[in-house]
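A.B. asks: For the record, the sequence lines run as chains R and C. Residue numbers for the first sequence, in my numbering: 87 to 264. Residue numbers for the second sequence, in my numbering: 87 to 264. Ideal placement from N, C-alpha and C gives every residue a C-beta, glycine not left out. All figures in this text were calculated on a predicted structure; none of them were measured in a lab. Let me give you the structure first, and then I'll get to my questions.
Number of protein chains: 2
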Amino acid sequence: MTKDVVILRYGHRVVRDYRVTSHCCLVARALGAKKIIIQGDEDGSIKTSVNDIVERWGGSFEVEFADSWKRVIEEYKKKKYLIVHATMYGSQIQKIESKLRKSSKILLIIGSQKVDSEVYDLSDYNVSVTTQPHSEIAALAIILDRLFAGKELDKKFKNAKIKITPQAKGKKVVKQTN
Amino acid sequence: MTKDVVILRYGHRVVRDYRVTSHCCLVARALGAKKIIIQGDEDGSIKTSVNDIVERWGGSFEVEFADSWKRVIEEYKKKKYLIVHATMYGSQIQKIESKLRKSSKILLIIGSQKVDSEVYDLSDYNVSVTTQPHSEIAALAIILDRLFAGKELDKKFKNAKIKITPQAKGKKVVKQTN
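Dropping the structure here:
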């Protein structure tokens with residue numbers, strides 16, 4: 087069963103990718119990944135805003151930066167992570183999800199710019215969410231949902247200062263102030 | 087079983103929301119919705135780029151614009167669509183998905199700006215994908231995946247000029263030229 091997922095965001099470009107990479111960070115956190123490593127332009131504003139969410143909404147999600155995607159892949163291979171690359175060209179998630187779930191530790195690579203062909207070769211699995219062009223944010227969400235078999239939707243976030251209680255209508259927010 | 091899903095993108099703002107709304111359109115198409123109605127600023131460039139994807143990648147997905155979200159909701163209520171609003175404050179998707187799947191026709195509302203409280207009241211269901219802040223693109227993806235019970239991942243797109251054949255390594259693209 088997969089327990090430990092780290093996301094590698096490939097090729098982040100400052101300004102242009104700000105909103106999409108921010109969404110990737112928040113989706114990674116909300117759907118149970120423990121860390122995102124942003125490769126490309128170092129973008130302190132993303133780290134600040136995600137850390138602010140973690141501070142208020144709880145849990146222990148981390149944002150890191152890396153210059154070299156290759157070094158990140160090599161490092162996680164050494165740590166015995168399965169390397170999985172999300173790409174519309176890869177094997178269909180619905181065909182390989184049960185295989186992937188056998189790995190307790192996964193490094194999941196999601197692209198932005200065109201991804202170097204070496205990433206396809208270095209990855210243990212290239213995986214697609216449909217063979218259609220759409221969104222790395224959506225692919226990330228569906229893959230995490232499949233890796234954690236839906237259990238991530240019930241994840242509790244420790245030390246939260248803000249919590250939402252699900253409601254059929256309206257909003258119920260519990261805030262803890264010191 | 088849900089067959090017919092129309093997306094209402096609430097409160098689109100030109101420039102600021104371009105990339106996120108574009109992702110919403112492509113995710114809606116790839117994961118089996120038949121149409122997206124963009125409410126807010128009319129943004130011809132999104133329609134052009136999505137139509138270009140449809141032309142090359144097949145299927146019959148449509149992009150429309152609307153001034154008034156309320157009129158869209160009223161129109162689809164009259165047409166017997168179930169009105170479902172994606173919000174982090176709503177009932178958890180994993181608790182209500184089997185109920186939602188009983189509706190063959192669903193209008194799914196996804197926000198951008200802060201959503202008017204009337205949307206919560208007019209909706210038959212308010213539904214959350216985790217109670218954490220993340221991304222309307224991810225919420226859209228997970229909800230469509232649950233509504234179509236994963237079958238949307240095998241959807242075929244008619245009259246495609248480009249098709250991808252899933253591969254463990256590398257890329258296999260079939261292009262049809264006239």
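1. Give a yes or no on whether the minimum CB-CB distance between VAL113 of chain R and chain C is below 8 Å.
2. Rounded to whole angstroms, how far is the Cβ of GLN262 of chain R from the Cβ of TYR175 of chain C, which I believe are closer than 8 Å?
3. Does ARG105 of chain R have its Cβ less than 8 Å from a Cβ in chain C?
4. Over what stretch of residues does the beta strand (DSSP E) that includes LYS191 of chain R continue unbroken?
5. From what residue to what residue does the alpha helix (DSSP H) around LEU230 of chain C run?
6. Give a yes or no on whether 8 Å exceeds the smallest Cβ distance from MET174 of chain R to chain C.
7. For VAL101 of chain R, which of helix, strand or coil comes out of DSSP?
8. At the 8 Å Cβ level, is GLN262 of chain R part of the contact set with chain C, yes or no?
9. CB HIS171 of chain C to CB ASP127 of chain C, shorter than 8 Å?
10. What did DSSP end up calling TYR35 of chain R once you bin it into helix, strand or coil?
11. Would you mind stating whether VAL158 of chain R and ILE192 of chain R have Cβ atoms separated by less than 8 Å?
12. Rounded to the nearest angstrom, what separates PHE243 of chain R and ARG115 of chain R at their Cα positions?
13. Is PHE243 of chain C close to chain R, meaning its C-beta is less than 8 Å from at least one C-beta of that chain?
14. So that I know if they touch, is there some Cβ in chain C lying closer than 8 Å to that of ASP231 of chain R?
15. For the pair the region 219 to 236 of chain R and the region 193 to 200 of chain C, tell me if three or more CB-CB distances fall below 8 Å.
16. Count the other C-beta atoms from every protein chain shown that fall within 10 angstroms of the C-beta of VAL259 of chain C, then say buried if there are 16 or more, exposed otherwise.
17. In the DSSP output, what is SER177 of chain C paired with across the bridge?
18. Measuring alpha carbon to alpha carbon, tell me which residue in R:SER154, R:ASP103, R:ASP231 is nearest ASP129 of chain R.
C.D. replies: Walking through what the data contain:
1. VAL113 of chain R has a beta carbon lying within less than 8 Å of a beta carbon in chain C.
2. That belief does not hold up - the Cβ atoms of GLN262 of chain R and TYR175 of chain C are roughly 18 Å apart, past 8 Å.
3. ARG105 of chain R counts as touching chain C.
4. 191 to 196 is the extent of the beta strand (DSSP E) around LYS191 of chain R.
5. Note, LEU230 of chain C: alpha helix (DSSP H), 222 to 233.
6. Yes, contact with chain C.
7. In the structure shown, VAL101 of chain R sits in coil (DSSP, three-state: anything other than H, G, I, E or B).
8. When Cβ-Cβ separations below 8 Å define contact, GLN262 of chain R makes no contact with chain C.
9. Against a cut-off of 8 Å, the Cβ pair of ASP127 of chain C and HIS171 of chain C comes out as no contact.
10. Beyond the ends of chain R as shown, which are 87 and 264, falls residue 35 of chain R; an answer cannot be given.
11. The answer is no: Cβ separation not under 8 Å.
12. When rounded, the distance between both Cα atoms is 10 Å.
13. So yes, PHE243 of chain C belongs to the interface.
14. Contact with chain C is found for ASP231 of chain R, since one of that chain's Cβ atoms lies less than 8 Å from the residue's Cβ.
15. Counting Cβ pairs under 8 Å, fewer than three are found: no touch.
16. Classification for VAL259 of chain C: exposed.
17. Per DSSP, the beta bridge partners of SER177 of chain C are C:VAL213.
18. That would be R:ASP103, whose Cα lies nearest to the Cα of ASP129 of chain R.
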